[in-house]
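In my numbering, the protein residues as written are 3 to 463.
Even for Gly, the Cβ is constructed at its ideal location relative to N, Cα and C.
These notes concern the structure reproduced below.
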């Protein structure tokens with residue numbers, strides 16, 4: 003949906019979590035396009051990108067003559083993920099010797115309110131020689147002894163002499179620093195009125211620099227897939243004038259692309275359910291099978307941990323009764339039986355077809371809370387291995403998967419493999435408009451992962 007209301011109206015978990023903004027942002031990220039929030043921001047970024055080189059790596063130093071702006075810049079840097087570097091011992095020692103005792107030689111470096119141009123020049127030259135420094139932000143507020151224009155001239159001269167590392171400035175003070183700020187801009191030094199604008203610009207420069215250093219984005223193509231089988235299933239579904247696959251059909255589709263899923267059997271009667279439960283082995287899970295019901299938990303369409311024939315019979319009747327009462331017009335094909343599987347971490351992998359950009363793959367924390375926590379990331383299919391890895395790392399769920407408080411780590415390599423295979427499946431079949439695997443149960447390292455509940459919706463054409 004293009005609005006919150008539209009997203010809420012979407013049928014699948016994935017559809018409820020994606021909107022037009024997400025699709026555009028994902029497409030831009032894939033292409034290395036930097037998004038801006040205003041025309042002013044567009045010009046701020048453009049000036050810096052045009053006049054300054056990209057950072058060679060992480061690590062920024064802030065030089066300031068006032069503590070308040072330095073703290074604001076530090077806090078905003080942390081918020082945007084711009085890392086401040088620790089200066090080397092040699093540089094720190096030279097700064098300690100060359101600055102007044104009351105100065106701070108941490109990061110930010112506080113040159114004090116009485117700093118003239120020569121003090122700024124001394125500090126700037128020293129920090130630019132530090133190998134850990136890749137960006138410098140110079141803050142200035144006009145005070146009694148401040149030499150705004152002379153300081154600006156020093157910054158320009160040093161930038162020409164020690165080129166290669168981006169230098170940005172924040173001169174606060176309005177008309178009192180206008181001449182100095184204009185001198186900086188005319189000589190290729192981006193200058194802003196407030197720290198936040200400069201930090202956002204630096205953050206954008208870091209983002210683009212990281213993009214340029216990323217490995218080749220060649221999509222992974224698996225050979226052990228069977229698209230003919232998938233096409234046959236889709237054809238049969240459409241012959242029945244359906245667009246939503248039944249559980250056993252969805253499992254067959256995922257299995258055809260090497261995506262491990264739970265075995266399931268569709269029973270049309272209570273006695274057939276007992277027969278299938280005996281075949282699968284207890285305990286079992288029973289779920290209503292209907293193309294009209296995507297979220298079964300809310301209407302009593304799922305019963306877990308069933309341990310015998312009598313429980314199977316009663317569960318079959320209870321499910322059918324509840325569904326018929328709450329959704330009387332739903333088409334019901336019976337009840338699907340699954341083998342209960344051991345617990346593990348619950349993840350969601352999904353896809354929503356975007357009108358402009360095609361299949362948008364989702365990864366995140368799964369289970370019943372997915373729509374509430376919204377701990378998800380997106381990429382456009384097809385996926386490279388690097389993109390799949392980043393998708394996982396961008397979520398809080400990844401911290402859980404790596405193991406916390408002594409818990410063993412989960413099999414993230416197997417999970418990444420499943421994510422890549424989903425990306426290939428939805429790319430190969432553009433008539434899949436939505437897909438949810440929720441949950442994917444992830445076990446310990448070397449134990450793999452398994453798709454527990456798969457939903458696939460096709461286009462009507």
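Item	Value
Residue 393 - partner residues in DSSP beta bridges	Answer is none; residue 393 lacks a bridge partner.
Residue span of the beta strand (DSSP E) that contains residue 331, given as start and end	Segment: none, residue 331 is in no beta strand (DSSP E) and carries neither H nor E.
Cβ neighbour criterion (16 or more within 10 Å) applied to residue 455	buried
Test item: CB-CB of residue 54 and residue 192 under 9 Å	yes
Contained alpha helix (DSSP H) runs [length at least 4] in the region 398–452, N- to C-terminal order	399–404, 414–430
Residue 449 to residue 413 span [Cα, whole Å]	7 Å
Inter-residue Cα distance where the pair is residue 466 and residue 144	Residue 466 lies beyond the stretch modelled for the chain, which goes from 3 to 463, so this question has no answer here.
Any chain D beta carbon closer than 9 Å to residue 204	Absent from the structure: chain D. Only one protein chain is present.
Own chain, CB closer than 7 Å to residue 319, minus 5 neighbours either side, in chain order	272
Cα-Cα separation, residue 149 to residue 121	10 Å
Selection from 116, 100, 229 that minimises the alpha carbon distance to residue 146	116
Integer-rounded CB distance, given that residue 78 should sit under 8 Å from residue 157	Not a contact, Cβ separation roughly 21 Å.
Start-end ranges of the beta strand (DSSP E) lying completely within the region 46–78, minimum 3 residues	62–66
Residue 8 burial status per 10 Å Cβ neighbour count (16 or more: buried)	Note on residue 8: pLDDT 47, under 50, position unreliable in the model; no value is reported.
C-alpha gap between residue 42 and residue 31, whole angstroms	21 Å
At least 3 beta-carbon pairs within less than 8 Å: the region 420–440 vs the region 352–363	yes
Chain-order list of residues whose beta-carbon lies under 8 Å from that of residue 242 (same chain, five-residue window excluded)	none
Distance between residue 286 and residue 341 (C-alpha atoms, nearest Å)	5 Å
Three or more C-beta pairs below 8 Å linking the region 258–277 and the region 222–233	yes
Beta strand (DSSP E) runs wholly inside the region 188–275, at least 3 long, in chain order	266–269
Segment contact, 8 Å Cβ cut-off, at least three pairs: the region 202–216 with the region 95–110	no
Residue 148, DSSP secondary structure in three states	coil
Cβ pair residue 231, residue 251 closer than 9 Å	no
Per DSSP, the bridge partner or partners of residue 366	350, 378
Unbroken alpha helix (DSSP H) run spanning residue 30, endpoints	22–33
Bounding residues of the alpha helix (DSSP H) (the contiguous stretch that carries residue 124)	119–130
Span separating the alpha-carbon of residue 172 from that of residue 419	46 Å
Enclosing beta strand (DSSP E) for residue 95 [first to last residue]	Here residue 95 belongs to no beta strand (DSSP E); instead the alpha helix (DSSP H) covers 91–100.
C-alpha gap between residue 188 and residue 45, whole angstroms	15 Å
Assumed close pair residue 36, residue 206 - CB separation to whole angstroms, cut-off 8 Å	5 Å
Exposed unless 16 or more other CB atoms sit within 10 angstroms - verdict on residue 327	exposed
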